Each structure stands twice: as structure tokens, then as C-alpha cells.
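Participant:
In my numbering, the protein residues as written are 34 to 411.
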């Protein structure tokens, strides 16, 4: 099913090596290897200055979200297990800040994502089977996601987890470091270190020169639900107001997602044992108006938002494979403890283009990113 997507013309952002910047692939026959971070396509989100809309009614704190007064890029797909495995092998031979959760190694599908770790601290190595590498990673916290973003911003270096690799770049995470266990694990819930880590992650902000980022709630919401051509927000991030289907059909009829249940309230997995999570882009005709995939279902996705200061939680959006369709609805404003790693949580990245890169691309007469040709929804 994904062949129609990955054979399409996309601009692939090369995030290997900081000095590589952005390259345009205009061949018209690009094949994206979702198992490597070197090939991570981003979609441009323009329509600058759009108004936001009310979200959260009945499903979280009410708030006006989605209005963004600048252009930015958003990951076309969720970060995959293959890409996260590459990250671990680069920076986690000693896993100082707990980027690997042992539950990732469970191959049963419902629980883990089959990333295996071998060796001992100082010489850890990581691997994932080929039939799992294009599925979204899970068991990642908000802090893990920020460290992945830093790693890309720093040019995908190899080395210990420090300022040059995972601890600075788009987010300064130095204030969180003292609270991890000596073996790199997240402290046990209810302990002073656990509470302090949660507070420290809540205090982290995007740096002024950030490049690859966790999307803000506004950025995520706009990319998922807004249609710049019509100026309206859809209820679901497949560009529809009607409840989607979770049938895995080839070809995809559109308005489909990986969630638990059926439009009429029935109970059904989209895809069962052992995977439960579909490969990214499986539903090739169910993209958002901006051309992103799986912003509804598969895994919940972290965002930078803090919907309620009193909850000490970061935003999460989009529903997942284990919950019903209302979690994908635009009104559903979820939150989560930023220190927690959870079986249904993953992430996608945003990108803030560097001004110098924009000028170079414009001078060369090349587009920064391909903007999706929108199609009408019935």
C-alpha cells in the first residue's frame, strides 16, 4: 500500500551531518527508507496567520489552538523503530539518560516494538527486525523525544549523551540530568527524584536557534486538521469530518486509521498480533490536508504544549491503536507526564528552517520542501 506514497515525488531532508543542511530530490522517483534517519521527509505548512479554533471541550482543558503566524515543516510520518534504533546505536552504548526502555524489546506487538538491546553498559548495541523497522516507535517520553530532536539538530553525531549529542541543540536538558538513576533509568514513581525530573522537563523550552523540534500544540494541530485552501478545520486528521474506518484495505479507500473500534461503535483491531501498529503511511489515501500520515491513530504523539500548568503535563494528540476514534477527534486535548514512557506514545518531529538555508534554496531556484497538492474531500 505504501508503494504509492514512497514512489511519489518528495523532498527528502537529509539530517545526517550538521553541515549537510537541506537537499532537494527532484528526481520524481524517490524511495524513502523509513528505517534510517538520513531519509526523513518533511512537509511544508504555510497559510501563515490562520486563526485557531476551540479545542478540548469535554476532552481536556479548553483552549484556542492551531493558529500559527509563520511557515514551518512537519514530519510526514511518525518516527519509526528503525530510526530510533539508529539513534540508540549512535548515543546509547552507555544509556545515561534512559533513552531505551526495556519494554521496547517485547516482541508481542501489543506491548513493545521489538528493539533489542545486547551487551552491557558501555558496549550496548541495538537492533530491530526488518518487519518492525517501519512501524512507529513507542515507549518514548517527552524527554526522549527532545533528546532525539537535539541529536538531529546536532547532525546525528556518535558519542556519549552530552551537550554535543543529546543534551543541547534545540532544547537545553541539563536541568534534568541530576534526577536519572545511576543506571540511566527513570526514577521510580513517587520518589523525590521522579517528581523533580517531571518538574525539570516541564521547565524545558525551545531554544531560539532550534532546528528539529517537538511540534508545539499549535503546529501539530494545524498540520493535522487545518485546510488552508478552504480555511476550515476538519474533525479528523485525514481531512474528513466523518468517523474513519480502521479496515486495512489495499488500495486504501481514504478516511482510514489504525485505532480500536469501528465507526458504528463496534470493537475491532486494525491489525492484530504481533504488530498492532501499522507501518507508517499504510493508509496511503488518508493523509491530512498538508500531506502528513498517521496523525490519527497508530501512536499518540507528544507536543510541546502545556494545556494546564496545574497538571504538570505536556500535550499529546492523535489517539492510538488501542483506543476508540474520539481520541483522534480535533476536540480531544490529551496530556501526559513528560517523564513517562508509555506503550501507546511516540512522536513526530517539526522543523524550523534556518533563514540562511531559505535564502540559499531561493537563490538556487529550488523549493525548500514539496507542498502537497491538496485534493477535495467529499
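Here a beta-carbon is modelled for each residue, glycine too, at the ideal position from N, C-alpha and C. This structure is a prediction, so every number in the text was calculated from the model and none was measured.
Does residue 187 come out as helix, strand or coil in the three-state DSSP assignment?
Facilitator: Taking the first residue of the chain shown as 1, we reach residue 187 at position 154. Three-state DSSP puts residue 187 in coil, outside helix and strand.
Participant: What would DSSP say about residue 227, mapped onto helix, strand or coil?
Facilitator: Locating residue 227 in the chain shown gives position 194, counting from the first residue. DSSP places residue 227 in helix when its eight states are reduced to three.
Participant: Exposed or buried, which one is residue 198 when buried takes at least 16 other CB atoms within 10 Å?
Facilitator: As a working note, residue 198 is residue 165 in the chain shown. Classification of residue 198: buried, given that the 10 Å Cβ count is 16 or more.
Participant: Distance check for residue 348 and residue 337, CA to CA, integer angstroms please.
Facilitator: The residue given as residue 337 occupies position 304 in the chain shown. The residue given as residue 348 occupies position 315 in the chain shown. If I take the Cα positions, the gap works out to 6 Å.
Participant: How would you call residue 178, buried or exposed, if buried means at least 16 neighbouring beta carbons within 10 angstroms?
Facilitator: For this step, residue 178 is matched to residue 145 along the chain shown. Result: buried.
Participant: Are the region 312 to 320 and the region 215 to 226 touching, with three or more C-beta to C-beta distances below 8 Å?
Facilitator: Touching, no, given that fewer than three Cβ pairs across the two stretches are closer than 8 Å.
Participant: Could you pull out every residue in the same chain whose Cβ sits closer than 6 Å to the Cβ of residue 122, ignoring the five residues on either side in sequence?
Facilitator: Counted from its first residue, the chain shown places residue 122 at position 89. Excluding positions up to five away in sequence, the list reads 159.
Participant: Measuring straight from C-alpha to C-alpha, what distance separates residue 307 and residue 72?
Facilitator: Position 274 of the chain shown holds residue 307. Position 39 of the chain shown holds residue 72. Near 26 Å, if we compare the C-alpha coordinates of residue 72 and residue 307.
Participant: Residue 324: buried (16+ other C-beta within 10 angstroms of its C-beta) or exposed?
Facilitator: To locate residue 324, count along the chain shown from 1; it is residue 291. So residue 324 counts as buried.
Participant: Taking only the alpha-carbon atoms, compute the straight-line gap between residue 212 and residue 298 and give it to the nearest angstrom.
Facilitator: As a working note, residue 212 is residue 179 in the chain shown. As a working note, residue 298 is residue 265 in the chain shown. For residue 212 and residue 298, the distance between alpha carbons rounds to 44 Å.
Participant: For residue 194, I'd like the list of residues in its chain whose CB is within less than 6 Å of its CB, leaving aside the five on either flank, ordered along the chain.
Facilitator: Indexing the chain shown from 1 puts residue 194 at position 161. Same-chain partners within the cutoff: 124, 129 and 130.
Participant: Apart from the five residues just before and just after residue 156, which ones in its own chain have a Cβ nearer than 8 Å to its Cβ?
Facilitator: Taking the first residue of the chain shown as 1, we reach residue 156 at position 123. Excluding positions up to five away in sequence, the list reads 126.
Participant: Taking the C-alpha atoms as reference points, what is the distance between residue 215 and residue 138?
Facilitator: Residue mapping note: residue 215 aligns to position 182 of the chain shown, counting from 1. Residue mapping note: residue 138 aligns to position 105 of the chain shown, counting from 1. The straight-line gap from Cα to Cα measures roughly 21 Å.
Participant: Residue 86 to residue 339, Cα distance in whole Å?
Facilitator: On the chain shown, residue 86 is found 53 positions in, with the first residue counted as 1. On the chain shown, residue 339 is found 306 positions in, with the first residue counted as 1. Roughly 17 Å between the two C-alpha positions.
Participant: So what does DSSP say about residue 180, is it helix, strand or coil?
Facilitator: The sequence position of residue 180 within the chain shown is 147, counting from 1. Looking at residue 180 - three-state DSSP - the assignment turns out to be helix.
Participant: Using 10 angstroms around the beta-carbon of residue 113, count the other beta-carbons present and answer buried if the total reaches 16, otherwise exposed.
Facilitator: Within the chain shown, the letter at position 80 stands for residue 113. So residue 113 ends up on the buried side.
Participant: At which residues does the alpha helix (DSSP H) containing residue 312 begin and terminate?
Facilitator: For the purposes of this step, residue 312 is taken as the residue at position 279 of the chain shown. Run containing residue 312: none; DSSP gives neither H nor E here.
Participant: Determine the closest residue to residue 369 out of 98, 301, 315 and 335, with distance taken between C-alpha atoms.
Facilitator: Position 336 of the chain shown, counted from the first residue, corresponds to residue 369. Nearest option by C-alpha distance: 335.
Participant: With three or more C-beta pairs closer than 8 Å as the rule, is the region 169 to 187 touching the region 232 to 243?
Facilitator: In short, these stretches touch, since the Cβ pair count reaches three.
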